[in-house]
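Protein chains in written order, with my numbering: chain A, 2 to 348; chain B, 2 to 348.
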DNA sequence: CGTTAGCACTCAAGTAGTGAGAGTGCTAAC
DNA sequence: GTTAGCACTCTCACTACTTGAGTGCTAACG
């Protein structure tokens with residue numbers, strides 16, 4: 002069986018209607034609301050074909066049809082027309098970034114809030130990936146004899162801190178010395194490269210201060226290594242509960258238990274890392290039972306063309322993809338620009 | 002009408018049973034399960050009295066009784082016997098803190114996880130209140146000409162960072178000078194006191210560096226002032242959904258929308274700030290419609306006897322208060338000790 | 001040969017009626 | 001003061017019935 006123009010029209014009608022109403026769509030409804038110029042009987046025939054091809058399915062015999070996962074996929078790939086945001090909506094988004102967003106965390110929070118509010122779904126955003134950020138500055142603070150805090154500032158403005166054990170006799174002045182040497186050597190490198198290349202140089206440099214050289218090594222190894230997980234913003238879960246498909250509490254529970262586990266959320270976001278532009282992951286494409294009735298629309302935000310992190314929206318498979326894709330796209334562009342503006346010269 | 006010993010026994014039986022089963026309790030059940038030595042009929046009379054006094058209520062005519070909010074209050078204040086944790090449970094908790102918890106954030110996360118897991122309710126923890134922490138160190142990092150990052154380290158190990166605008170010509174060396182002066186002057190003060198006392202001294206000190214003195218003032222005012230909100234840990238929401246009283250999705254929605262708004266959550270936690278020991282807030286005592294069917298068990302964790310923040314558990318009013326109070330108490334003590342050990346000498 | 005009208009068939013969901021079970025409150029007897 | 005007995009109430013689960021939406025099939029139409 003082959004897909005022809007009319008089948009496409011029917012499929013489009015079914016999906017459009019189902020997205021809007023969350024009710025199975027019957028042949029009669031299509032004939033009435035979407036002017037295809039044919040009778041319900043004809044549409045029934047087409048629907049029967051579409052069902053055989055796997056694009057739609059029937060919840061039960063006497064109900065209308067609903068799109069299958071495959072149907073959504075076809076829709077997203079071939080049928081969907083992007084909706085442009087109204088200039089008022091674009092305005093709202095731009096406004097959101099104007100109001101003193103200084104810190105990277107603020108940009109992310111603001112983006113997440115807007116994303117959740119506009120799409121009415123849950124928003125998920127990863128902070129810029131640390132392994133792609135580069136080292137800006139290190140600072141050692143003596144907390145008390147024997148313990149120091151290592152503070153690492155990345156060029157994205159991200160802060161990493163860590164408490165390490167040091168010999169009792171090391172003073173703040175010693176720490177400052179180490180800071181200085183490290184700063185000179187490490188500036189501008191990505192975390193990946195730090196360990197491999199420069200240990201020898203630093204060793205040599207610090208050999209004047211024999212007593213602290215071991216410390217510095219220790220510090221590089223432990224202080225920089227741990228705690229490298231990126232944080233995740235998650236908001237607007239409440240929106241998902243407003244969707245009729247989540248009136249069933251069991252689904253809510255399973256979804257929520259997934260979202261509460263940050264590692265799972267991260268793997269979800271990472272596995273659906275889009276190359277370029279906006280990607281749509283539908284239901285079981287995400288390979289997780291808990292979200293088989295959900296879809297994600299994700300995109301990467303970039304700084305100087307380099308993708309730094311992922312942001313996205315999580316909602317039921319029955320979502321208005323055209324709209325959500327447009328919002329995510331516009332949002333991503335604005336967020337990227339805001340960050341770029343913020344980081345100009347920080348590298 | 003006066004409360005007598007037998008009424009107390011009956012009330013205790015009702016609450017105990019209801020906590021365990023979530024079903025209204027009838028006179029027959031009490032007579033059978035709780036050996037009061039009287040017949041159901043007598044218990045019925047007592048129940049009738051208790052209802053009149055407001056301690057219990059009837060969902061409908063032919064159902065048993067359930068505790069009213071007042072009933073729970075009476076139970077918590079007068080009837081409840083603390084359950085001691087088994088040594089195995091205590092062991093689990095202690096273990097949780099042994100495994101390299103270095104940072105304040107880790108202590109909080111770990112505590113939250115354990116609290117949620119043990120009580121099977123949602124856990125809420127506030128980070129140590131900044132206004133009670135004292136200043137440890139300030140560090141200024143030049144991000145690019147015209148912008149600097151202010152990093153403030155508190156004695157609790159908490160980090161605050163902020164981007165500020167500075168004159169283009171200010172160099173990292175200038176910033177280091179300012180850092181040095183500020184560090185010397187500010188060390189050990191609480192944030193509250195910083196502004197008022199020392200501006201003049203610092204002004205004098207920096208007058209050698211005329212060009213940056215204004216900057217330093219600006220920095221103190223903006224850099225330290227903003228972003229002073231304490232963060233909140235929230236976890237284990239999923240547990241609440243497992244309670245039968247939350248099978249109604251509307252309640253879930255209303256609760257979740259409250260929990261998603263951090264300020265509301267904070268006000269909830271702050272308003273039920275316990276003086277000493279563990280406090281229980283039942284239903285509408287929290288003054289919020291969304292949690293009228295919930296209770297909180299909260300306590301303050303202390304460092305050197307000074308209460309630094311609040312932690313607590315949020316669950317349905319029908320919770321095993323005796324058990325939860327014990328867990329929260331033990332947990333608070335352990336968390337306080339862990340933090341104290343960690344901070345020894347940091348102030 | 002594609003399209004359409006007509007019709008029998010199916011199924012979910014709502015409605016009404018029924019009976020069982022749990023629990024109470026009252027009364028009278030102990 | 002306590003208890004047994006009993007009538008009464010109300011929820012809940014179960015069943016039967018009706019309604020309406022929607023399909024699939026068949027035969028007729030252009």
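The beta-carbon is built from N, C-alpha and C at its ideal position, and this holds for glycine as well. A quick note: this is a predicted structure, and the numbers were derived from the prediction, not measured.
Any Cβ of chain B closer than 8 Å to the Cβ of residue 135 (chain A) would place that residue at the interface, and such an atom is absent. Close to residue 158 (chain B), with beta-carbon spacing below 9 Å, are these residues of chain A in chain order: 144, 150, 162, 164.
In the structure shown, residue 288 (chain A) adopts coil according to DSSP, grouped into three states. For residue 136 (chain A), the enclosing beta strand (DSSP E) has its first and last residue at 136-145.
Apart from sequence neighbours up to five positions away, the residues of its chain that approach residue 19 (chain A) with a beta-carbon distance below 7 Å are 26, 67, 68, 319, ordered along the chain. Within the same chain, 279, 300, 301, 302, 312 come within 8 Å of residue 333 (chain B) by CB-CB distance, once the 5 residues on both sides are set aside. One finds 261 in chain A with Cβ atoms closer than 9 Å to the Cβ of residue 236 (chain B), taken in chain order.
In the three-state DSSP reduction, residue 313 (chain B) falls in the strand class (E or B).
If you ignore the 5 residues before and after residue 133 (chain B), its C-beta comes within less than 7 Å of the C-beta of 191, 307, 309, all in its own chain and listed in chain order.
With three or more CB-CB distances shorter than 8 Å, the stretch 2-22 of chain A counts as touching the stretch 52-67 of chain A. Between residue 154 (chain B) and residue 142 (chain A) a beta carbon distance of about 6 Å is seen, short of the 8 Å cut, so the two are scored as contacting. Contact note: residue 242 (chain B) reaches chain A through 250, 253, 254, 257, using a C-beta cutoff of 8 Å and chain order.
Judged by DSSP in its simplified three-state form, residue 160 (chain B) adopts strand. Contact annotation for residue 138 (chain A) against chain B: 142 [CB-CB distance below 8 Å, chain order]. Using a Cβ distance threshold of 8 Å, residue 65 (chain A) and residue 30 (chain A) count as a contacting pair. Burial state of residue 148 (chain A) is buried, judged by a 10 Å Cβ sphere holding 16 or more other Cβ atoms. Short of 7 Å from the beta carbon of residue 339 (chain B), and not among the five residues preceding or following it, lie these beta carbons of its own chain, in chain order: 98, 102, 108. Contact check between the stretch 234-251 of chain B and the stretch 251-266 of chain A: three or more CB pairs, one atom from each, fall below 8 Å, which counts as touching.
Using a CB distance below 7 Å, the part of the stretch 101-112 of chain A facing chain B consists of 103, 104, ordered along the chain. The CB of residue 154 (chain B) comes closer than 7 Å to the CB of 142, 150 in chain A, given here in chain order. At least 8 Å separates the beta-carbon of residue 35 (chain A) from that of residue 126 (chain A).
Around the beta carbon of residue 122 (chain A), a 10 Å sphere encloses 16 or more other beta carbons of the protein chains shown; the residue is thus reported as buried. A direct Cα-Cα distance of roughly 24 Å separates residue 314 (chain B) from residue 342 (chain B).
Beyond the five residues adjoining it in sequence on each side, residue 291 (chain B) comes within less than 8 Å, by CB distance, of 255, 256, 258, 259 in the same chain, given in chain order. Listed along the chain, the chain B residues whose CB falls inside 7 Å of the CB of residue 233 (chain A) amount to none; the nearest CB is some 14 Å away. One alpha carbon belongs to residue 336 (chain B), the other to residue 96 (chain B), and they sit about 12 Å apart. Residues of the stretch 272-304 of chain B that bring their beta carbon within less than 7 Å of a beta carbon in chain A are absent altogether.
Using a CB distance cut-off of 8 Å, residue 239 (chain B) counts as an interface residue toward chain A. Contact between residue 236 (chain B) and residue 113 (chain B) is confirmed by a C-beta separation of about 5 Å, below the 8 Å threshold. The C-alpha of residue 85 (chain B) lies about 49 Å from the C-alpha of residue 282 (chain A).
About 26 Å separates the CB atoms of residue 322 (chain B) and residue 39 (chain B); that is not less than 8 Å, and the two are not in contact. Here residue 128 (chain A) is buried, its C-beta having at least 16 other C-beta atoms within 10 Å.
C-alpha of residue 329 (chain A) to C-alpha of residue 187 (chain B): approximately 45 Å in a straight line. Among the bridge pairs identified by DSSP, residue 301 (chain B) is matched with B:311.
Here DSSP, grouped into helix, strand and coil, assigns residue 262 (chain A) to coil. Put simply, the backbone Cα of residue 117 (chain A) is about 32 Å away from that of residue 104 (chain B).
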